[in-house]
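Step one of this worksheet: look at the structure below.
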Amino acid sequence: MTQMLKKNASELDHEFRYEISEKVGAKSLLKCIQCGVCSSGCTVTEYVDLQPHRVVASCLLGLKDEVLTSNAIWTCSLCHRCTERCPKNVDYSFILALLRNMAVKEGKVPKEYSSTVVTIFHNGFVVPYTGGLKDNIDRRRGRMGLPQIIPPKLEEIQYIIEETGLGGLVKEEEDEK
Amino acid sequence: MEFALFLGCTIPMKLPFMEKAFRDVANILDVKLKEMEGVSCCPEPVAMQSLNIDTWVALGARNLAIAEKMGLDIMTICSGCYETLKTVSVLLEEDEEYLKKINGILSKINYKYTGKTKVYHFVELFSQPDWLDKIKKLIVKPLDDLNLAVHYGCHLIRPSKIMQFDHPEKPEKIDLILEALSAKTIEYATKLECCGYCARLQEEIGENLVEEKMTELCELEEGVDALIAVCPACTTQYDRKERIIARRTGKELNIPVLYLAEVMALALGVELEDLSLRNRSVKPDKLIDKLTT
Numbered sequence: 002m003t004q005m006l007k008k009n010a011s012e013l014d015h016e017f018r019y020e021i022s023e024k025v026g027a028k029s030l031l032k033c034i035q036c037g038v039c040s041s042g043c044t045v046t047e048y049v050d051l052q053p054h055r056v057v058a059s060c061l062l063g064l065k066d067e068v069l070t071s072n073a074i075w076t077c078s079l080c081h082r083c084t085e086r087c088p089k090n091v092d093y094s095f096i097l098a099l100l101r102n103m104a105v106k107e108g109k110v111p112k113e114y115s116s117t118v119v120t121i122f123h124n125g126f127v128v129p130y131t132g133g134l135k136d137n138i139d140r141r142r143g144r145m146g147l148p149q150i151i152p153p154k155l156e157e158i159q160y161i162i163e164e165t166g167l168g169g170l171v172k173e174e175e176d177e178k
Numbered sequence: 011m012e013f014a015l016f017l018g019c020t021i022p023m024k025l026p027f028m029e030k031a032f033r034d035v036a037n038i039l040d041v042k043l044k045e046m047e048g049v050s051c052c053p054e055p056v057a058m059q060s061l062n063i064d065t066w067v068a069l070g071a072r073n074l075a076i077a078e079k080m081g082l083d084i085m086t087i088c089s090g091c092y093e094t095l096k097t098v099s100v101l102l103e104e105d106e107e108y109l110k111k112i113n114g115i116l117s118k119i120n121y122k123y124t125g126k127t128k129v130y131h132f133v134e135l136f137s138q139p140d141w142l143d144k145i146k147k148l149i150v151k152p153l154d155d156l157n158l159a160v161h162y163g164c165h166l167i168r169p170s171k172i173m174q175f176d177h178p179e180k181p182e183k184i185d186l187i188l189e190a191l192s193a194k195t196i197e198y199a200t201k202l203e204c205c206g207y208c209a210r211l212q213e214e215i216g217e218n219l220v221e222e223k224m225t226e227l228c229e230l231e232e233g234v235d236a237l238i239a240v241c242p243a244c245t246t247q248y249d250r251k252e253r254i255i256a257r258r259t260g261k262e263l264n265i266p267v268l269y270l271a272e273v274m275a276l277a278l279g280v281e282l283e284d285l286s287l288r289n290r291s292v293k294p295d296k297l298i299d300k301l302t303t
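Taken in sequence, the protein lines are chains A and B.
The first sequence begins at 2 in our numbering and counts up one residue at a time.
The second sequence begins at 11 in our numbering and counts up one residue at a time.
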C-alpha cells in the first residue's frame with residue numbers, strides 16, 4: 002500500500018475514464034473534485050488499499066490495471082453512503098459495480114462472488130434447492146403450513162445468464178471443480 | 011389491497027419463520043397476497059450486480075414481468091430483493107433503450123416487461139399514516155415495556171435517489187411502526203452502521219462492525235430488549251456473529267435480534283408458540299418474560 006508507484010504518461014490508459022463514464026449513470030465520474038467525503042464515510046475505508054476518492058482519482062489518471070487489481074473494488078460492502086453524500090453527485094457505488102464488471106471480464110473475480118452465479122444457474126435460487134436439500138426445505142415449510150415453492154424453469158434462467166455474458170464464468174467454475 | 015408476494019430465497023428456504031410471521035401480519039391487517047409462480051432469485055444485489063449488471067437486470071426484469079402479467083404490484087419481505095427489484099424497475103423506467111435491449115433478451119423465453127410493476131417493502135406500506143392507525147386499532151398485546159433498537163441496514167434506504175423510501179441518513183419508518191405497537195425505540199450512535207455481511211472478502215470487517223454495534227447496545231442504560239431488523243442478511247449476521255465475538259472477547263453480548271414482522275405479529279395477537287422467536291443464537295428470553303408476565 003505504501004509502495005511508490007511510478008509511471009510515465011505514455012503508460013497510462015487515457016481512455017479508461019471514458020470507458021467508465023460512457024455508461025449510463027456513470028458520467029458523474031468526471032465531476033469528482035477529490036474532496037474525500039466518500040472516503041470519510043466509507044464503511045470499509047480502513048480495510049482497503051485504495052480509498053474511494055483514490056479509486057476515482059486512479060480512474061481519472063488512467064491507472065486501469067492498478068484499479069482493476071486493487072482489493073478496494075471487491076472489499077466494498079455496497080452500503081451506498083459514498084453515493085448518498087457526494088456533493089458532486091458522483092455515483093461511486095454504481096461506478097464500483099462497473100469496475101467489478103470490468104474486472105470480471107478480465108478474469109479477475111474472487112470466488113466469494115463467482116460462486117453466486119453458479120448456484121443461481123443450477124437452482125434458480127441463491128440457496129441450493131435440489132435433491133435432499135429441497136426435500137428438507139419443503140418438509141420444514143410444510144410443518145409451518147407455508148405454501149409450496151414453485152421454482153422457475155431452469156432453462157429460462159440459464160438462457161438469461163448465458164445470453165448476458167456470464168455463461169463462460171459458470172463453465173470456468175465448473176471445470177475447476 | 012392485493013400484492014404479488016415476492017419471497018426471494020433466503021427467507022423462504024433458510025428462515026421460513028420470518029415468512030410465517032409476515033403472512034400472519036398481512037392476514038390480520040387484511041393485505042391479500044398472491045403467490046408468484048416460477049420466480050427466481052431476485053437476483054441477489056451484491057454479487058450479481060458486481061459480476062454483470064445486464065444479467066442482474068435481465069433476471070430481475072423477468073421477475074417483474076411475472077408480477078406484471080398477474081396485474082399486481084410486488085410486495086417484498088427482504089431488503090436485498092427490495093433493492094434489486096426496485097432498482098431494476100427504476101432503471102428500466104428511466105431508460106427506454108435499455109428496456110428495449112432487456113426485452114429483446116426476455117422475448118426469446120416469452121416474457122415481456124412494459125414497466126408497470128411497482129415494488130414495495132412491507133415497511134413502506136405499514137408506515138403510512140392510515141396503516142399506522144389501522145395497526146393501533148388492531149393491537150391485542152401492546153409492547154409497552156419493550157425497549158427496542160432499530161437496525162435499518164443499507165439496502166432498504168440507499169441509494170435514496172432510487173429507493174425513495176425514507177431519509178437516507180435519518181430514517182424513521184421502522185421506528186414509527188414499533189411506536190404504533192406501543193414499544194419504545196432507542197436512539198443510539200451506531201444505528202446507521204452497516205452490518206458488514208456484504209463485505210464478504212474480509213471476515214474481520216463484519217466482526218468489527220457487529221462488535222461495535224452490539225457493545226454499544228449492551229452498554230445503554232435503558233436496557234435494550236432486542237435489535238429489530240428487516241433484512242435476513244443483517245438479522246443472521248448480528249445473531250450469529252454476536253455469539254462468536256462474545257466467546258472470543260469475553261464480552262457479555264446478549265442482545266437478541268428479531269425480524270420486524272415477528273414483533274408485529276406478537277403485538278397483533280399471534281400466539282408465541284406460533285412464532286419461532288427462540289430459533290436464534292441469542293434467545294430473547296427476557297423479552298418473552300416481559301410479554302408473558
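No residue lacks a Cβ here, since even glycine has one placed at the ideal position from N, Cα and C.
Note that the structure is a prediction, hence the values are computed from the model and not measured.
Contacts of residue i in chain B (Cβ-Cβ under 8 Å)
i, result
"residue 102 of chain A", "60, 61, 62, 63"
"residue 21 of chain A", "Residues of chain B passing the Cβ test: none, with the nearest at roughly 13 Å."
"residue 162 of chain A", "65, 69"
"residue 148 of chain A", "45"
"residue 30 of chain A", "None at all; the shortest Cβ gap to chain B is about 15 Å."
Beta-carbon spacing of residue i, residue j below 8 Å
i, j, result
"residue 36 of chain A", "residue 88 of chain A", "yes"
"residue 113 of chain A", "residue 210 of chain B", "yes"
"residue 1 of chain A", "residue 101 of chain A", "Past the boundaries of the shown model lies residue 1 of chain A; chain A is included only from 2 to 178, so the question cannot be answered."
"residue 74 of chain A", "residue 97 of chain A", "yes"
"residue 132 of chain B", "residue 85 of chain B", "yes"
"residue 125 of chain A", "residue 158 of chain A", "yes"
"residue 12 of chain B", "residue 74 of chain B", "no"
"residue 13 of chain A", "residue 22 of chain A", "no"
"residue 19 of chain B", "residue 51 of chain B", "yes"
"residue 187 of chain B", "residue 232 of chain B", "no"
"residue 146 of chain B", "residue 77 of chain B", "no"
"residue 259 of chain B", "residue 165 of chain A", "no"
"residue 92 of chain B", "residue 165 of chain B", "yes"
"residue 105 of chain A", "residue 17 of chain B", "no"
Proximal residues of chain B, C-beta to C-beta of residue i below 9 Å
i, result
"residue 33 of chain A", "Correct list: empty, because the minimum Cβ distance to chain B is about 17 Å."
"residue 68 of chain A", "What residue 68 of chain A touches in chain B: nothing, since even the nearest Cβ is about 15 Å away."
"residue 166 of chain A", "62, 64, 65"
"residue 55 of chain A", "Chain B residues near residue 55 of chain A: none, gap ~18 Å exceeds 9 Å."
Residues of its chain near residue i, where Cβ-Cβ distance is below 7 Å and the 5 sequence neighbours each way are ignored
i, result
"residue 96 of chain B", "129, 172, 173"
"residue 162 of chain B", "181, 184, 202"
"residue 53 of chain A", "39, 40, 43, 83, 93"
"residue 51 of chain A", "59, 71, 73"
"residue 171 of chain A", "118, 119, 122, 162"
"residue 71 of chain B", "98, 102, 112, 116, 123"
"residue 219 of chain B", "203, 204, 205, 206"
Span of the beta strand (DSSP E) around residue i
i, result
"residue 86 of chain B", "84 to 86"
"residue 16 of chain B", "12 to 16"
"residue 157 of chain B", "157 to 160"
"residue 238 of chain B", "236 to 239"
"residue 43 of chain B", "42 to 45"
Beta-carbon contacts of residue i that lie in its chain and below 6 Å, excluding the five residues immediately before and after
i, result
"residue 155 of chain B", "300"
"residue 151 of chain B", "277"
"residue 68 of chain B", "112, 115"
"residue 109 of chain B", "102"
"residue 34 of chain B", "275, 280"
"residue 178 of chain B", "167, 168, 170"
"residue 49 of chain B", "73, 76"
"residue 90 of chain A", "29"
Under 7 Å by beta carbon: chain A residues contacting residue i
i, result
"residue 183 of chain B", "Chain A residues near residue 183 of chain B: none, gap ~17 Å exceeds 7 Å."
"residue 285 of chain B", "Within 7 Å Cβ-Cβ: nothing; residue 285 of chain B doesn't reach chain A, min ~10 Å."
8 Å Cβ shell around residue i - same chain, five flanking residues per side excluded
i, result
"residue 217 of chain B", "206, 251, 254, 255"
"residue 236 of chain B", "156, 158, 159, 265, 266, 267, 268, 273, 294, 297"
"residue 225 of chain B", "261, 263"
"residue 199 of chain B", "226"
"residue 64 of chain A", "6, 8, 13, 14, 17"
Neighbouring residues, chain A, relative to residue i (Cβ below 9 Å)
i, result
"residue 108 of chain B", "25"
"residue 249 of chain B", "Simply none; closest approach about 18 Å."
"residue 164 of chain B", "44, 78, 79, 80, 81, 82"
"residue 118 of chain B", "160, 164"
Under 8 Å by beta carbon: chain A residues contacting residue i
i, result
"residue 20 of chain B", "127, 128"
"residue 23 of chain B", "126, 128, 130, 138, 150"
"residue 206 of chain B", "44, 78"
"residue 211 of chain B", "72, 75, 76, 111, 113"
Under 7 Å by beta carbon: chain B residues contacting residue i
i, result
"residue 153 of chain A", "48, 49, 50"
Extent of the continuous alpha helix (DSSP H) run through residue i
i, result
"residue 100 of chain B", "89 to 104"
"residue 160 of chain A", "155 to 164"
"residue 114 of chain A", "112 to 124"
"residue 6 of chain B", "Shown here, chain B extends from 11 to 303; a query on residue 6 of chain B therefore has no answer."
As an exercise, report each continuous alpha helix (DSSP H) stretch of at least 4 residues that is fully enclosed by the segment 12 to 92 of chain A, in chain order. Every unbroken stretch of the alpha helix (DSSP H) spanning 4 or more residues and falling wholly within the segment 12 to 92 of chain A is given here in chain order: 17 to 22, 38 to 42, 53 to 62, 65 to 69, 73 to 76, 82 to 86.
Along the chain, which unbroken stretches of the beta strand (DSSP E) at least 3 residues long are found entirely within the segment 133 to 204 of chain B? If we require 3 residues or more, the beta strand (DSSP E) runs fully inside the segment 133 to 204 of chain B come out as 157 to 160.
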